[in-house]
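Heads up: the sequence shown begins at 950 in my numbering, then just goes up one per residue. Encoded as structure tokens, the structure appears first; notes follow it.
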Amino acid sequence: MSMLVYFVFVATLNFLVGYLVGADLIRMPKWLSRFERGALDDEPLLPPEPAAAAVAAPAAAVEPAPPAPAPAPAPEAAAAEPVAAAPAAADPAPPAAPPPEPEPAPVPEPAPEPVVEAEAAPAAPRPKPTAQEVMAGLADFRAQLTSVNTEMKDSIENAEAFGECASRLQKVNHDYIEKTHETIEDMGVDDGDVESNKLRNAIANGAQQVMGLSEEIDQLIGEGLDEAKRGKIVAMADQINAAAGGVETQIGGPQEPEQPAPAAVVETAAPEPAEEAAETPESEEEPVGPTFESLDALYDMVQQAVDAAEGNDTKFVAAIQRDPSPEPDEATIAARLLDGVGQLLSEIGVTKTPVARSDDRYYLLLDANQVDQATERIEVLRQQVESADFIAEGDTKKATVTCAIADASKDADRDELMRRLGDALSEAERFGANRTFHHDGAFPTPVPEQEVKISAKKLSI
């Protein structure tokens, strides 16, 4: 009986071992190669005999028990177990890549509509600039120009310091041009308003002049600031200031000069009346024009005016020279034309002091405390002479004059003042007749032509 139990136990054990080995073989990956599966098949399914004996030894000591009920359900379990393990065999297989998720359809953003509406909403139009606002901007621009130009003149011997001043000058110019363009845009298109169009044209013309001179200064700075170029830049800065002054004149209208009593022309020409000639017969031998005492007297008036000047007021002396006629006139006609110019000087009232005359030139102290006032008064005279008809013995004669303006300072004696006027006249003649140049004590610079209010005159000479 014990032997039977032993054999049943061994058979059951073998069955279990075979079952376990078979289950492992079922779980083997199906992608193993034929050779790998063969190698696995060659391996022993049972442990070596000593191991089996070791397993059997303890089993012998076990008390016999009824084995029949235990192995009975084993076949059914064996049949069911592989079925349950079958899905596990697929575990080692690499998982299939998940299908790509479809991209969500673009949803139209509702934002553009409100943004467009916000941008399309017209902003409140800015009010058109007034003449007073433009004049205030011009005054500020000219004040900055004057300040920078003074620094440039003081540092003209130092190239590095001058370069810094020139850079500031260009910043002032560029800012003015940019603001001017904005002002013109704010004024809008031509709407038929005469005053508005006049203001727009004056601003545009002034900006064009400033832009042209500023571009030339940029070019000079790029070429290197040698002594000659530094002098040119200073002269151009004066031209820009004068151009801005011309815009002020056009916007505000020409400043009507005060109408003082006609200025007396100091002359010592040979007297025409016979009675006066009889009283001073020696005057026939004197040359035409004043003696230098007359110029000295004018210089004394200039010095008194300079000493009495207050604050930033400056006094200005002018020289008026008649240009040669295209067709040479007789000497008597030329002298009479010069007399006609002196007559216009008295009628226009550009000065409150006597005028000195020397040969073909007039010298006078201008009734002005600022350079723009001085240039305006001289431009009125120059253009008045150009437009006048001089009637001589029934014939109409035309004349033009070249003008020079010089700053009168306390350190400038008569010779220095005459030198400045002479340099300005020479520079004007070099560029052509019928022009005005201004000498500020450093360089002579051209005065841009200004729009002034004049009325054509006819004078008998």
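By construction, the Cβ of each residue, glycine as well, lies at the ideal position given by its N, Cα and C atoms. Keep in mind the model is a prediction, meaning the values are calculated, not measured.
Three-way DSSP call (helix, strand, coil) for residue i in this model
i       : result
GLN1168 : helix
VAL1159 : helix
GLN1270 : strand
ALA911  : What is shown of the chain runs 950 to 1410, which leaves residue 911 out entirely.
LYS1406 : coil
VAL1304 : strand
ASP1262 : coil
ASP1249 : helix
THR1079 : coil
ALA1337 : coil
LEU1174 : coil
LEU1287 : helix
LEU1313 : strand
MET1084 : helix
ASN1318 : coil
Among the options, nearest to residue i - alpha-carbon criterion
i       : options                               : result
LYS1406 : SER1307, PHE1339 and LEU1370          : PHE1339
SER1409 : GLY1195, LYS1102 and GLU1342          : GLU1342
GLU1325 : ALA1151, THR1385, ASP1360 and ALA1085 : THR1385
ASP1272 : PHE1265, GLU1335 and GLN1319          : GLU1335
ASN1107 : VAL957, ARG1179 and GLY1155           : ARG1179
GLU1398 : PHE1392, SER1404, CYS1352 and ARG1379 : CYS1352
ASP1245 : LEU1366, ILE1105 and SER951           : LEU1366
ILE1269 : ASP1389, ILE1133, GLY1289 and ASP1344 : GLY1289
ASN1383 : GLU1328, ALA1357, ALA1323 and ILE1403 : GLU1328
GLY1161 : GLY1173, LEU1174 and ALA1192          : ALA1192
GLN1332 : ALA1317, ALA1348 and ASP1344          : ALA1348
ARG1285 : GLU1134, THR1345 and GLY1194          : THR1345
GLY1371 : LYS1359, LYS1077 and GLY1390          : GLY1390
ILE1133 : ASN1122, ARG1149, ASP1124 and LYS1120 : ARG1149
GLU1082 : VAL1121, MET1136 and LYS1120          : MET1136
ASN1190 : ALA1092, SER1104 and VAL1350          : ALA1092
GLY1155 : PHE1090, GLY1173 and GLU1176          : PHE1090
ASN1122 : PHE1380, GLN1158 and GLY1171          : GLN1158
ALA1323 : PHE1380, GLY1194, ILE1170 and PHE964  : GLY1194
SER1274 : ILE1354, VAL1304 and ASP1309          : ASP1309
ARG1369 : ASN1146, GLN1253, ASN963 and HIS1388  : HIS1388
Proximal residues to residue i (C-beta, below 8 angstroms), its chain only, five neighbours per side dropped
i       : result
LEU1118 : LEU1094, VAL1097, ASN1098, MET1101, ILE1166, ILE1182 and ALA1186
ARG1363 : LEU1244, ASP1245 and TYR1248
THR1198 : GLN1204, ASP1321, GLU1325, GLN1399, GLU1400 and VAL1401
LEU1330 : ILE1269, LEU1293, LEU1294, ILE1297, VAL1299, VAL1350 and CYS1352
GLU1172 : LYS1178
ALA1373 : ALA1268, ALA1353, ILE1354, ALA1355, PHE1386, HIS1387, HIS1388 and PRO1393
Check: residue i C-beta below 7 angstroms from any heavy atom of the ligand MG
i      : result
LEU965 : Among the ligands in the structure shown, none appear at all, so the ligand MG cannot be discussed.
Beta-carbon contacts of residue i that lie in its chain and below 7 angstroms, excluding the five residues immediately before and after
i       : result
TYR955  : none
GLU1376 : PHE1386 and PRO1393
ALA1357 : VAL1251, VAL1255, LYS1264, PHE1265, VAL1266 and LEU1366
PRO1078 : THR1132, ASP1135 and MET1136
SER1104 : ALA1110, PHE1111 and CYS1114
ALA1153 : ILE1133
ILE1282 : ALA1341 and LYS1346
LEU1287 : ARG1271 and ASP1309
GLU960  : It is worth fixing the name first, because residue 960 is Ala in this sequence and not Glu. Correct list: empty, nothing qualifies.
Close Cβ partners of residue i (< 6 angstroms) along its chain, the five nearest in sequence each way excluded
i       : result
LEU969  : none
ALA1080 : LEU1148 and ILE1200
SER1404 : none
ASP1262 : ASN1318
ILE1170 : ALA1115
ARG1379 : none
PRO1395 : PHE1386
Could you tell me whether the stretch 1156-1168 touches the stretch 1182-1194, where touching means 3 or more Cβ pairs closer than 8 angstroms?
yes
At least 3 beta-carbon pairs within less than 8 angstroms: the stretch 1305-1313 vs the stretch 1249-1257
no
Please confirm if the stretch 1084-1099 is in contact with the stretch 1114-1133, defined as three or more CB-CB distances below 8 angstroms between the two stretches.
yes
Which ranges does the alpha helix (DSSP H) cover as unbroken runs of at least 4 residues, wholly within the stretch 1088-1147, from first to last along the chain?
1108-1136
With a floor of 3 residues, list each beta strand (DSSP E) that falls wholly inside the stretch 1343-1402, ordered by position along the chain.
1344-1346, 1350-1357, 1385-1388 and 1393-1395
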